[in-house]
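For the sequence shown, this note's numbering assigns the number -4 to the initial residue and increments by one for each residue that follows.
Ideal Cβ positions, reconstructed from N, Cα and C, are used throughout, including at glycine.
Before any comments, here is the structure.
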Amino acid sequence: MSDPLVRAVNVTKSFHHQEVLKGIDLEVDTGQVVCLLGPSGSGKTTFLRCVNQLEGIDGGRIWVDGDLIGYAERNGKLYKLKDKEIAAQRREIGMVFQRFNLFPHMTALENVAEAPVQVKGESRAAARHRAQELLDRVGLGDRGTAYPAQLSGGQQQRVAIARALAMQPKLMLFDEPTSALDPELVGEVLAVIKELAGEGMTMIVVTHEMSFAREVADTVVFMDGGVVVEAGPPSQVIGDPQHQRTKTFLTRLR
Ligand code: ADP
């Protein structure tokens, strides 16, 4: 067995003395999809942001592909990484937010091509070529010249996914990628994420879409109040939850 791609051990995080992550343990194997479920305020987004170093953690450790996130460990002591080293770690991780956050003054194609040029120093021609391939992959091959405002929310979110993929990440994090969309646009975004999963992309997806979690997740993790209440295959956690808190949450969703 190879090591998991993501390993979080006893991760804690507080905001203004309020502990929102109270010792999270979580593992994601390469090629696996983990769906994080749980009521609003349970710490799901904070956890994703910690994995991507948009937030620092107060305690515990997170490794991605064997690298300790945010720190170097020497002689049993932890040293904070330099900004440059943190940026290098972050480049390996793609993140898709609830709101699409596209650059409004750039076309869809330019949005996707931008980071490889700016961050990786790829040639503009090569980056645009790959961006076109990625737009094809998310079903928007013919919308490359459109600006975000000319696209539907579902299309914008698919561009955002293509943009994250352009950096060739080892891991994709999705933070409620469909919750800002009109209901009729949810399916097209989930279909793209499902296809990515089918191609073996490792991902953590915060979602309230139960049918997606059931169908696509290898592991479902139910969080509440900053702890993992239960985790396992969807058939178990969604189909036959063991904890009252999970049962209550699932009943409310129905
Ligand atoms: P979820 O994604 O499960 O809805 P969050 O991770 O967004 O939960 O939030 C967990 C808790 O942390 C909430 O009480 C939220 O208000 C608080 N929180 C999140 N981000 C911040 C922040 N930047 N500053 C202060 N409190 C925050």
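Query: Cβ-based burial, Leu168 [other Cβ within 10 Å; buried from 16]; Result: buried
Query: Reference Glu210; option with closest CA among Phe217, Met218, Pro229, Met198; Result: Pro229
Query: Reduced DSSP secondary structure (H/G/I, E/B, other) of Ser230; Result: helix
Query: Cutoff 8 Å: Lys79 Cβ touching any chain B Cβ; Result: Although the question refers to chain B, the structure presented lacks it and comprises just one protein chain.
Query: Bridge partner(s) assigned by DSSP for Lys17; Result: Thr7
Query: Closer than 7 Å: Gly51 CB and nearest ligand 1 heavy atom; Result: no
Query: Boundaries (first-last residue) of the alpha helix (DSSP H) holding Ala162; Result: It is worth fixing the name first, because residue 162 is Met in this sequence and not Ala. Per DSSP, Met162 belongs to no alpha helix (DSSP H) and is neither H nor E.
Query: 8 Å Cβ cutoff met for Gly51 and Thr7; Result: no
Query: Cβ neighbours of Val91 in the same chain (closer than 8 Å, five flanking residues each side left out); Result: Gln152, Ala155, Ile156, Ala159, Met167, Leu168, Phe169, Asp170, Pro172
Query: Start-to-end residues for the alpha helix (DSSP H) that takes in Ala126; Result: 119 to 132
Query: Residue burial classification, Gln27 (beta-carbon count within 10 angstroms, cutoff 16); Result: buried
Query: Heavy atom of ligand 1 within 7 Å of Thr41 beta-carbon; Result: yes
Query: For Lys115, the three-state DSSP class (helix, strand or coil); Result: coil
Query: Other residues of its chain near Gly139: CB distance less than 7 Å, five sequence neighbours each side excluded; Result: Thr102, Ala103, Leu104, Gln127, Leu130
Query: Where the alpha helix (DSSP H) through Gly89 begins and ends; Result: First-last for Gly89: 88 to 91, but that is the beta strand (DSSP E), not the alpha helix (DSSP H).
Query: Distance between beta carbons of Pro164 and Ile81, contact taken as under 8 Å; Result: Actually they do not touch by this definition, with Cβ atoms about 15 Å apart.
Query: Proximity winner among Ala110, Ile64, Thr41, relative to Leu0 (alpha-carbon distances); Result: Ile64
Query: Classification of Asn47 by the beta-carbon crowding that lies within 10 angstroms, buried from 16 upward; Result: buried
Query: Spatially closest choice to Leu16 from Val4, Gly61, Val23, Glu22, by CA coordinates; Result: Val4
Query: 3-residue-minimum beta strand (DSSP E) runs that sit fully inside the stretch 172 to 216, ordered along the chain; Result: 197 to 201
Query: Bounding residues of the alpha helix (DSSP H) (the contiguous stretch that carries Leu43); Result: 39 to 46
Query: With 16 other Cβ atoms within 10 Å as the buried cut-off, status of Ser37; Result: buried
Query: Other residues of its chain near Tyr142: CB distance less than 8 Å, five sequence neighbours each side excluded; Result: Pro99, His100, Met101, Thr102, Ala103
Query: The alpha helix (DSSP H) enclosing Arg247, as first and last residue numbers; Result: 239 to 248
Query: Three-state secondary structure assigned by DSSP to Ile52; Result: coil
Query: Distance cut-off 7 Å: Gly195 Cβ against heavy atoms of ligand 1; Result: no
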